[in-house]
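For the sequence shown, position 131 (counting from the first letter as 1) is numbered 197 according to my numbering, and the numbering increases by one without interruption.
All C-beta atoms, glycine included, are put in the ideal place defined by N, C-alpha and C.
Here's the structure we're looking at; comments come further down.
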Amino acid sequence: MVNDYLKNQQRKFEDYTEKYRCETNEVFRELTRQLILVATVFLSISIFVFNARDLNVRFNIFDRHFLAFAWIFLAFSIIFGIIQFFIDYLYFRKWTKAKFNIVEKIYTGDATEENLSQIVLESQKNIPFESSTVFVYLQSIFLIFGIIILISIMVKFLFSL
Numbered sequence: 067m068v069n070d071y072l073k074n075q076q077r078k079f080e081d082y083t084e085k086y087r088c089e090t091n092e093v094f095r096e097l098t099r100q101l102i103l104v105a106t107v108f109l110s111i112s113i114f115v116f117n118a119r120d121l122n123v124r125f126n127i128f129d130r131h132f133l134a135f136a137w138i139f140l141a142f143s144i145i146f147g148i149i150q151f152f153i154d155y156l157y158f159r160k161w162t163k164a165k166f167n168i169v170e171k172i173y174t175g176d177a178t179e180e181n182l183s184q185i186v187l188e189s190q191k192n193i194p195f196e197s198s199t200v201f202v203y204l205q206s207i208f209l210i211f212g213i214i215i216l217i218s219i220m221v222k223f224l225f226s227l
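What follows is the structure, encoded as C-alpha cells:
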C-alpha cells in the first residue's frame, strides 16, 4: 500500500515535471517569435524611413555607418532567432525519439517491470532538461543594441532640426 502510494506520487511529480518543462520551453519559443517580430518591424520601418532622400542627405558618413550597424544588429537578431527555432526543433526531436524508443520496447516486450526504469534512464541519458537558450539571449542583446542605436540616431536627427 505504501509502495503504491509512492508510485502514484512519483507518477504525479513526473507528470508535473514534464508539464513544466514543456511550458518553460514554450515560453522561450514564444519569446523568440516575438523578438523576431520586433526586430523585423524595426528593420523594415527604419530602412524605409532612413532611406528617404530628405533624411539621407542630412547624414554624415559616421551617421550612415552607425545606421548600418543598427541594421546589422537587427539582422543578426533575426538570424539568431531562426537558429533558436532549429535548436528547439532538434531538442524536441531528441525527446520524441527517446519517448518512441521507450514505447517501442514496451510494445515489443523488451521492457519488463524490472528493467523499465533502466530503459527510461538509458533513453533519456544525454538529453538536457531544457533546450539551449544561448541564442535567445544573443537575439535579445543584438535587438537591444540595434534599437538603442536607432533611437540615438533618431534623437540626434530630431535635435538637429
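Residue closest to residue i, alpha-carbon to alpha-carbon, out of the options
{"i": "F151", "options": "N91, N181, K163 and I215", "result": "N91"}
{"i": "L204", "options": "S226, L97, K78 and L109", "result": "L97"}
{"i": "I145", "options": "V104, I185, I219 and L187", "result": "V104"}
{"i": "L101", "options": "F142, E80 and E89", "result": "F142"}
{"i": "F225", "options": "Y155, R124, K165 and N74", "result": "R124"}
Three-state secondary structure assigned by DSSP to residue i
{"i": "R124", "result": "coil"}
{"i": "D176", "result": "coil"}
{"i": "Q150", "result": "helix"}
{"i": "T199", "result": "coil"}
{"i": "Q100", "result": "helix"}
{"i": "A118", "result": "coil"}
Cα-Cα separation, residue i to residue j
{"i": "I219", "j": "V186", "result": "56 Å"}
{"i": "R87", "j": "F116", "result": "43 Å"}
{"i": "T174", "j": "F139", "result": "52 Å"}
{"i": "W137", "j": "T106", "result": "10 Å"}
{"i": "I215", "j": "K165", "result": "46 Å"}
{"i": "V221", "j": "V200", "result": "32 Å"}
Min CB distance residue i to chain D below 7 Å
{"i": "D154", "result": "The structure shown contains no chain D; it holds only a single protein chain."}
So does the stretch 172-180 actually touch the stretch 128-142, counting three or more Cβ pairs closer than 8 Å?
With contact defined as three or more Cβ pairs closer than 8 Å, the stretch 172-180 and the stretch 128-142 are not in contact.
Does the stretch 210-217 come within contact of the stretch 165-176, defined as at least 3 CB pairs closer than 8 Å?
Cβ pair count under 8 Å is below three, so no.
Inter-stretch contact at 8 Å, needing at least 3 Cβ pairs: the stretch 145-164 / the stretch 110-123:
Of all C-beta pairs linking the stretch 145-164 to the stretch 110-123, fewer than three are shorter than 8 Å, placing the two stretches out of contact.
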